[in-house]
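Protein chains in written order, with numbering that gives the first Met the number 0: chain E, 0 to 111; chain V, 0 to 264. Positions of the beta carbon are idealized from the N, C-alpha and C atoms, including for glycine. What follows is one structure encoded as structure tokens, with my remarks underneath.
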Amino acid sequence: MEAFQQIIAEQAAERHRHHAKAQFFWVWGALLLMTAIEVYLTYQNLKPVRMLTILMGLSIVKAALIIGFFMHLKYEVSRMKWLTMSSLVICLVLMSIFFFPDAFRILYLGVK
Amino acid sequence: MAEATLPHGRPEVYEPSLFGTYSKKIGMWLFLLSDSLTFGALLYSYSYGRISIANWPTPFHSESIVNATIMTAFLLTSSLTMVLAVRAAVHGDAKAQRLWLLATMACGTGFVVLHAREWSHLIATGLTLPVFPAVPGHATTGEFADVAKSVPQFPATFFGLTGMHMLHVTLGVVYLGVVALRRNFIPILLLCWLGAWLGTPSYSPFHYGAHVLLIAAAVCSVILWLKPKVYDAADVEVAGLYWHFVDLVWMFIFPLVYLMSARII
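Okay, structure coming up:
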């Protein structure tokens with residue numbers, strides 16, 4: 000069975016063999032650029048809600064680049080992509096459903 | 000994949016993998032999914048406090064933001080070197096693979112050292128937890144001495160979240176060390192433990208935290224003794240998945256914790 004796993008591993012490695020090195024440098028550059036934008040925005044004294052929206056938007060793009068290119072999920076079979084990402088998103092959405100209404104209710108009531 | 004044959008030439012019929020890849024990679028993905036929920040819960044607890052507490056402190060001055068930005072650059076660069084290590088492993092270039100893995104470990108170590116410096120600075124200014132030993136002469140007079148008492152949720156969630164991440168990065172460096180150097184890494188790890196333990200003052204949380212390295216050395220020794228092997232491209236790729244994950248989590252901690260609590264004057 001271990002030999003069979005080895006063959007599958009080699010086939011998966013073969014799929015990754017032709018990735019251009021330049022692509023990884025482009026992704027790295029994009030990640031650094033987005034980090035620089037985030038830091039720049041910190042010094043612009045934006046309103047917190049607007050700031051949070053932009054920062055979370057950039058973080059999600061950065062996460063997608065890391066998962067897609069560095070973690071190679073882009074090159075996996077679609078079944079794997081859908082199962083991993085949909086289960087993660089569903090769990091985080093469930094957390095959000097419980098988190099946000101309560102957090103904003105406390106804010107609305109005012110904390111002494 | 001169903002047509003794959005075993006090396007001895009006898010065709011075998013195995014059920015093809017549901018996800019078209021090998022089992023240890025699927026195992027690592029499942030672990031990372033469960034771990035992302037741990038970090039999700041910690042990030043939500045921090046955000047809950049951030050939204051619901053009116054006088055939430057903003058202790059991160061420009062110096063802290065610059066420090067955290069350099070830490071982020073270290074992690075992003077380590078992800079690049081890690082992916083280059085995987086590429087070298089796939090191409091069968093063992094020397095390049097080891098060098099890129101060592102570069103990744105160096106970036107990870109740099110991140111942990113800078114993070115430890117940031118923690119020490121915050122603790123010295125009074126932003127501490129009751130479980131941390133008191134810093135002689137600083138605890139009662141520091142800039143944030145009252146914050147730890149008036150908003151205890153801040154140090155609790157901050158140290159909980161960033162401490163958990165720092166632990167992941169430390170264990171990631173150990174993991175990569177084992178993959179890159181195998182048994183040769185154990186004495187290096189023990190030296191790092193001794194250096195961290197003896198090199199930090201007794202009131203520092205890192206004086207006790209250093210024992211993580213001793214425990215890691217013991218666990219790695221058992222693993223390497225039970226199953227000594229030369230790690231192949233698949234093992235390097237699986238280690239890479241873990242490493243990219245700790246980078247990924249930091250992409251949310253950095254803006255939520257540091258940038259949203261910055262004090263820019």
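Residue i burial status per 10 Å Cβ neighbour count (16 or more: buried)
i	result
tyrosine 241/V	buried
lysine 226/V	exposed
phenylalanine 97/E	exposed
histidine 167/V	buried
tyrosine 21/V	buried
glutamate 2/V	With a pLDDT of 45 at glutamate 2/V, under the threshold of 50, the predicted position of this residue should be treated as unreliable, though the coordinate-derived value follows. Exposed, because fewer than 16 other Cβ atoms sit within 10 Å of the Cβ of glutamate 2/V.
tyrosine 257/V	buried
leucine 212/V	buried
lysine 228/V	exposed
aspartate 246/V	buried
aspartate 101/E	exposed
proline 204/V	buried
isoleucine 64/V	buried
arginine 49/V	buried
tryptophan 249/V	buried
proline 154/V	buried
proline 200/V	exposed
tryptophan 81/E	exposed
lysine 111/E	Confidence at lysine 111/E is low in this model, with a pLDDT of 42, below 50, so its placement is unreliable and the value that follows should be read with caution. Its Cβ having fewer than 16 others within 10 Å, lysine 111/E is exposed.
valine 172/V	buried
threonine 4/V	Caution is warranted here: a pLDDT of 48 is assigned to threonine 4/V, below 50, making its placement in the model unreliable, and the coordinate value is therefore given only provisionally. By the neighbour-count rule (16 or more Cβ atoms within 10 Å), threonine 4/V is not buried but exposed.
glycine 239/V	buried
leucine 29/V	exposed
glycine 26/V	exposed
leucine 197/V	exposed
Nearest neighbour of residue i, chosen from the options [CA to CA]
i	options	result
tryptophan 25/E	Thr83/E, Met55/E, Ile65/E and Ile53/E	Ile65/E
arginine 116/V	Ser44/V, Thr20/V, Thr161/V and Leu36/V	Thr161/V
arginine 97/V	Phe110/V, Leu121/V and Thr80/V	Thr80/V
alanine 35/E	Ala67/V, Gly19/V, Gly91/V and Ile187/V	Ala67/V
phenylalanine 253/V	Thr41/E, Pro100/E, Lys80/E and Gln22/E	Thr41/E
valine 111/V	Val178/V, Lys23/V, Ala209/V and Pro135/V	Ala209/V
leucine 17/V	Gly67/E, Lys61/E and Val76/E	Val76/E
isoleucine 89/E	Leu247/V, Ala147/V, Leu36/V and Trp249/V	Leu36/V
glycine 39/V	Asp101/E, Met94/E and Pro100/E	Met94/E
tyrosine 202/V	Lys148/V, Thr169/V, Pro129/V and Gly159/V	Pro129/V
isoleucine 53/E	Phe99/E, Ala21/E, Ser85/E and Met33/E	Met33/E
serine 58/E	Gln22/E, Phe23/E and Val38/E	Val38/E
alanine 179/V	Asp34/V, Cys219/V, Ala53/V and His114/V	Cys219/V
isoleucine 187/V	Phe251/V, Pro200/V, Ala215/V and Val248/V	Ala215/V
alanine 261/V	Lys61/E, Leu51/E and Leu87/E	Leu51/E
histidine 164/V	Asn54/V, Ala147/V and Met70/V	Met70/V
proline 56/V	Ala147/V, Gly26/V, Ala133/V and Pro132/V	Ala147/V
glycine 159/V	Phe131/V, Asp145/V and Phe143/V	Phe131/V
alanine 53/V	Lys24/V, Phe73/V, Ser149/V and Leu32/V	Ser149/V
glycine 91/V	Leu197/V, Val237/V, Ile122/V and Tyr230/V	Tyr230/V
Identified DSSP bridge partners for residue i
i	result
isoleucine 261/V	For the sequence presented, residue 261/V should be read as alanine rather than isoleucine. Bridge partners of alanine 261/V: Phe59/V.
Integer Cβ distance of residue i from residue j, believed to fall under 8 angstroms
i	j	result
threonine 156/V	serine 44/V	6 angstroms
alanine 87/V	alanine 95/V	4 angstroms
serine 46/V	leucine 255/V	7 angstroms
phenylalanine 69/E	valine 221/V	The Cβ separation is near 31 angstroms, so there is no contact.
valine 85/V	valine 235/V	5 angstroms
threonine 103/V	leucine 175/V	6 angstroms
leucine 30/E	leucine 42/V	Contact flag wrong, Cβ pair sits at about 19 angstroms.
alanine 144/V	valine 134/V	Wrong, their Cβ atoms sit about 11 angstroms apart, outside the cutoff.
Contact with chain B by residue i, beta-carbon distance below 8 angstroms
i	result
tryptophan 81/E	In the structure shown, chain B does not exist; the protein chains are E and V.
Beta-carbon neighbours of residue i, restricted to chain V and to distances below 9 angstroms
i	result
serine 86/E	Leu32
Interface residues of chain V facing residue i [CB-CB closer than 7 angstroms]
i	result
lysine 61/E	Met250
leucine 45/E	Correct list: empty, because the minimum Cβ distance to chain V is about 11 angstroms.
threonine 41/E	Ile64, Leu258, Ala261 and Ile263
8 angstroms Cβ cut-off: residues of chain V touching residue i
i	result
isoleucine 65/E	Ser78, His243, Asp246, Leu247 and Met250
valine 48/E	The contacting residues do not exist; valine 48/E stays about 10 angstroms from chain V at best.
valine 38/E	Ile64, Thr68 and Leu258
threonine 34/E	Thr68, Thr71, Ala72, Leu75 and Phe253
tryptophan 27/E	Leu75, Thr76, Ser78 and Leu79
Neighbouring residues, chain E, relative to residue i (Cβ below 8 angstroms)
i	result
phenylalanine 18/V	Glu75, Val76, Arg78, Met79 and Leu82
tryptophan 28/V	Met79 and Thr83
glycine 159/V	In chain order: nothing, as chain E lies at least about 16 angstroms away.
alanine 40/V	Met94
Where residue i meets chain E, residues with beta-carbon distance less than 9 angstroms
i	result
leucine 36/V	Leu87, Cys90, Leu91 and Met94
arginine 97/V	The contacting residues do not exist; arginine 97/V stays about 18 angstroms from chain E at best.
tyrosine 174/V	Correct list: empty, because the minimum Cβ distance to chain E is about 16 angstroms.
Neighbour list for residue i in chain E, Cβ cutoff strictly below 7 angstroms
i	result
valine 82/V	Phe23 and Phe69
leucine 240/V	Met70
tyrosine 43/V	Met94 and Phe98
The ligand FMN heavy atom lying under 7 angstroms from the CB of residue i
i	result
glutamate 75/E	This structure lacks the ligand FMN; in fact it carries no ligand of any kind.
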